[in-house]
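Contents: one structure, followed by commentary.
Numbering (the working numbering), first residue to last: 46 to 379.
Below you can see the structure in the form of structure tokens.
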């Protein structure tokens, strides 16, 4: 009986170590620090690599653009911006984005992993649950946007054509003096209104793709890239109208607001929706959709592949897992 018990225990330890080597099962063992570190790195790289395209997207969503800032394609826009405004112009505002993306994505992925695991245990007895994925992504978005919203306001104002701000400090100081600190959160409710469905669709799509292309939930970079790209494309397309409203609230385009007879500063989702429709009808809600999808597909693919890699790498360095592996090796029959 004692020998039988030892054999069963050794078998359990071996299966536990095996699950540690399966990539998608790592969240059950990965620490909070691991999720936050992997998330921070993923967030910074996601926003940095695709930032020039994000700059183009912001300009293409302008409802009343300057004649010199009207673009037909992402490539054409980037080419003209570089030629007329300088090589580094598409990167203007990147510094504030990097400062916000690190902590925002650290909280974002850590919160997502924790809530997803807890809800999945309840709903699917530990299995994959689309409800758990959607709820976890939505809650994580609230924390993420609380940090990123001020950075988005500054970033988008510096991205606009003929932006009057000389530097990051000048932009923050000018907004604070002229519009007050509330200006940094004027679009927060709109951001949440957009990002909660965006992230719900995003995570559900990602996990659904993983179910089909990586059912064993092993570390397979190609499936993380493919699933991430699909999740980014779908979620970006369906939430573009809300993104147009957010851009208007963040930038407070003077020409657009004047033509719509809006005095003072525009605020609130309802007012933004009404103003966008007044200025361009239904087509105005889809301005920049191509640039948004082109931006989100590789961005999300980068975010997931980098996050999953660092989660895998950091977890493999975990002393506890190494100890389990050594114990299992000792206990295994020769």
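Virtual Cβ for every residue (Gly too), placed ideally from N, Cα, C.
{"query": "Cβ pair residue 179, residue 248 closer than 9 angstroms", "result": "yes"}
{"query": "Whole-number beta carbon distance between residue 98 and residue 127, since they are thought to touch under 8 angstroms", "result": "Actually they do not touch by this definition, with Cβ atoms about 13 angstroms apart."}
{"query": "Closest residue to residue 334 among 305, 200, 92 and 281 (Cα-Cα distance)", "result": "281"}
{"query": "Classification of residue 358 by the beta-carbon crowding that lies within 10 angstroms, buried from 16 upward", "result": "exposed"}
{"query": "Inter-residue Cα distance where the pair is residue 107 and residue 75", "result": "43 angstroms"}
{"query": "CB-CB length for residue 338 against residue 278, believed under 8 angstroms", "result": "5 angstroms"}
{"query": "Buried/exposed call for residue 137, threshold 16 Cβ in 10 Å", "result": "buried"}
{"query": "Cβ contact (3+ pairs, closer than 8 angstroms) linking the stretch 256-263 and the stretch 228-247", "result": "no"}
{"query": "Proximal residues to residue 243 (C-beta, below 6 angstroms), its chain only, five neighbours per side dropped", "result": "280 and 284"}
{"query": "Whole-angstrom C-beta distance between residue 213 and residue 140, which should lie under 8 angstroms", "result": "6 angstroms"}
{"query": "Distance between residue 269 and residue 239 (C-alpha atoms, nearest Å)", "result": "24 angstroms"}
{"query": "Under the three-state DSSP convention, the category residue 307 falls into", "result": "coil"}
{"query": "Span of the alpha helix (DSSP H) around residue 166", "result": "139-168"}
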